[in-house]
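Note that the protein sequences, when read in sequence, are chains A and B.
Numbering-wise (my numbering), the first sequence opens with residue 1 and increments by one.
Numbering-wise (my numbering), the second sequence opens with residue 1001 and increments by one.
Backbone N, C-alpha and C define an ideal beta-carbon position, used for all residues, glycine too.
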Amino acid sequence: MGMTMTQKILAKHAGLDRVEAGQLIEGRLDLVLGNDITAPVAITEFDKAGLTEIFDKDKIAIILDHSTPCKDIQSARLCSQARDFAKRFSITNFYDVGQMGVEHALIPEKGLAAPGEVIIGADSHTCTYGALGAFSTGVGSTDMAAGMATGLSWFKVPSAIKVTLKGELQPYVSGKDVMLHLIGTIGVDGALYKSLEFGGEGVAQLTMDDRFTIANMAIEAGAKNGIFPVDDKTRAYLDGRVTRAWEAVEPDADAVYDREVVIDLSALKPTVALPHLPSNTRTVDEVAGTPIQQVVIGSCTNGRLDDLRRAAEILKGRKVAPGVRCIVFPATQQIMLDAMAEGLINIFIEAGAAVSTPTCGPCLGGHMGVLSDGERAISTTNRNFVGRMGPVSSEIILASPAVAAASAVAGCVANPQSLMG
Amino acid sequence: MKVYKYGDNVDTDVIIPARHLNNPDPKALASHCMEDIDASFASTVEPGDIIVGGANFGCGSSREHAPLSIKACGVKCVIAASFARIFYRNAINIGFPIMECPQAAAEIQAGDQVSVDFQAGIIVDETSGRQYQAAPFPAFVNGIIDNGGLLKSLKARGVAK
């Protein structure tokens, strides 16, 4: 019986010839990640357990992105704690205000994730790096502390769902629509404990940013991880970013899957997720006209350069509707610079949008765009649970950058295809 | 004791909203536990109470603050039809008892008197007289629990220093 991509990577990191679904293994880690909310809890546990050694100062990354630039005294104290730990252990990949970016955009950009690697992060969207053919999964703070101390983590080998992509995306349809469609199809626990293994002829025409978006939301279907095969686009992305050796894996022809979901990209329409679950999906036309008060364009899901280009294409020469607050968050400093060079930031500001330094900000209702009672936002983020961005009476509709931008112009949920013709 | 009963997909944002994550002190977390799904929970919960949930309990974020806040309230355990993966790991790692049992989750009602034997995985609904067997943990996980948590068990093995 053959193995899936995920199973092959786990087998290799456990020093085994083969593994099968359900097997418990202990695997070597290539990277352990945490942020300003999760690293402090890990550090406190690390110290409480009396630990004094870390496994490798080059294989730990601490990125201060959730509440930064610090929104209050509590957040500032948490950042101090993380900063002190990074200094104590000479952590190479410590990113503070001014150098940081949203972690799941920054890590690939800095070449810290490569095909075939095993990465754990104390943040549920760590699954993002599966876009590069790595096994990458979210864990809690105690797991992060254990990973930092030992360079090992225990895993239950997952079974897999095969996601076969065919055809090609239509104008104004992107990776976000693919993933919302998939989550709407299988549900928020449709992939519980499993890996989502993407493949098919449709992969080749997805940009890397599309793949990051898709892998980023694997957790929203309950998956342990999402993973893409490595192709020329992956290699082009890695070129100049990763200098260490890496090894891609392909699924065996006789790998076993729990089920297969086939998605015809050509048939996909712009898709949104209504409150209060990422699986509560509709095509945008079904809910066009729903009023909104805030638009968020950014995040680890959709804050990359392609995302900003798609939003700018629609906002160019247009204005954000009266009564709508549109906030744009380029996810890293480099993305900000590239967006500036392409004139995208001018387009956003001239349209009447606010542009922010990289931060997770309103995605989790922390700062930089919290909602008031009864308000509704359309957002390129990844979760729309009750109370996520404001009081329990506020609502979030999840969407792609193109749909979010079109909605900002219309003042209500809008189909970019209608706006752009 | 009393049972608090909720439905499917009780997510980490309702268990402990992100606006409260910048104070990881257990007492502070306890004071906001479940506030966006049940505003009365934090002020009425008492040590020994039990939470019963449906499918996919704890879905969403990896925040360890979620099981930490429930534990800090003195909740004895969470019984659910199924648990989201990261919440499951986190609960074990912090030594908080969780029990997976779809039948118990469906049949136990708010207000029932329930007792649990976590070691044996047995749930007894004293009000209905029914007894349930929760899904057992893998031996490896029992090892973590027996050693008092993940970091302690790694130290005992000499893997963490």
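Asked: Counterpart residues of residue 195 of chain A in DSSP-defined beta bridges; Found: A:160 and A:225
Asked: For residue 264 of chain A, the three-state DSSP class (helix, strand or coil); Found: strand
Asked: Contact belief for residue 1011 of chain B with residue 89 of chain A at Cβ below 8 Å, rounded distance in angstroms; Found: Between residue 89 of chain A and residue 1011 of chain B the Cβ distance is about 34 Å, and since that is not below 8 Å, they are no contact.
Asked: Within-8 Å CB hit, residue 1059 of chain B to chain A; Found: yes
Asked: Rounded distance between the beta-carbons of residue 197 of chain A and residue 160 of chain A, thought under 8 Å; Found: 5 Å
Asked: Contact with chain A by residue 1055 of chain B, beta-carbon distance below 8 Å; Found: yes
Asked: For residue 364 of chain A and residue 1140 of chain B, the rounded distance between their alpha carbons; Found: 34 Å
Asked: Proximity test, Cβ basis, 8 Å: residue 30 of chain A and chain B; Found: no
Asked: Residue 69 of chain A CB to nearest heavy atom of the ligand ATP below 7 Å; Found: Although the ligand ATP was asked about, the structure shown includes no ligands whatsoever.
Asked: Alpha-carbon spacing of residue 1014 of chain B relative to residue 389 of chain A, whole angstroms; Found: 12 Å
Asked: Residues sharing a beta bridge with residue 291 of chain A, DSSP; Found: A:412
Asked: For residue 359 of chain A, three-class secondary structure by DSSP; Found: coil
Asked: Proximity test, Cβ basis, 8 Å: residue 1036 of chain B and chain A; Found: yes
Asked: Where residue 121 of chain A sits in the DSSP three-state scheme; Found: strand
Asked: Local Cβ density within 10 Å of residue 1089 of chain B, reported as buried at 16 or more and exposed below that; Found: buried
Asked: Under the three-state DSSP convention, the category residue 1023 of chain B falls into; Found: coil
Asked: Local conformation of residue 166 of chain A per DSSP, three classes; Found: strand
Asked: Extent of the continuous alpha helix (DSSP H) run through residue 81 of chain A; Found: 73 to 88
Asked: Residue 164 of chain A vs residue 53 of chain A beta-carbon contact at 8 Å; Found: no
Asked: Proximal residues to residue 18 of chain A (C-beta, below 7 Å), its chain only, five neighbours per side dropped; Found: 3 and 11
Asked: Counted within 10 angstroms of its Cβ, other Cβ atoms place residue 5 of chain A as buried (16 or more) or exposed; Found: buried
Asked: Range covered by the beta strand (DSSP E) that runs through residue 100 of chain A; Found: Counting along the chain, residue 100 of chain A falls outside any beta strand (DSSP E), and DSSP gives it neither H nor E.
Asked: Contact set between residue 154 of chain A and chain B, taken where Cβ atoms lie within less than 8 Å; Found: 1140
Asked: Nearest-angstrom Cβ-Cβ length linking residue 299 of chain A and residue 102 of chain A, presumed shorter than 8 Å; Found: 7 Å
Asked: Burial state of residue 123 of chain A, where buried means 16 or more other Cβ atoms lie within 10 Å; Found: buried
Asked: Cβ distance (whole Å) where residue 1079 of chain B is taken to contact residue 1099 of chain B below 8 Å; Found: 5 Å
Asked: Identity of the residues DSSP links to residue 282 of chain A by a beta bridge; Found: A:272
Asked: Ordered list of beta strand (DSSP E) runs contained in the region 4 to 31 of chain A, each at least 3 residues; Found: 24 to 28
Asked: Contacts around residue 1153 of chain B, its chain only, beta-carbon distance under 7 Å, and the 5 residues preceding and following it disregarded; Found: 1143, 1144 and 1147
Asked: Cβ-Cβ separation, residue 318 of chain A to residue 351 of chain A (assumed contact under 8 Å), whole Å; Found: 6 Å
Asked: contact_flag[the region 321 to 330 of chain A, the region 340 to 360 of chain A] where n(CB pairs < 8 Å) is 3 or more; Found: yes
Asked: Straight-line gap, residue 1026 of chain B to residue 36 of chain A (C-alpha atoms, nearest Å); Found: 18 Å
Asked: Three-pair Cβ contact test at 8 Å for the region 1052 to 1065 of chain B versus the region 179 to 192 of chain A; Found: yes
Asked: 8 Å Cβ cutoff, residue 1159 of chain B in contact with chain A; Found: yes
Asked: First through last residue of the beta strand (DSSP E) which encompasses residue 1077 of chain B; Found: 1077 to 1080
Asked: Segments of 4+ residues assigned as alpha helix (DSSP H) that fall wholly inside the region 1058 to 1125 of chain B; Found: 1065 to 1072, 1085 to 1093 and 1102 to 1107
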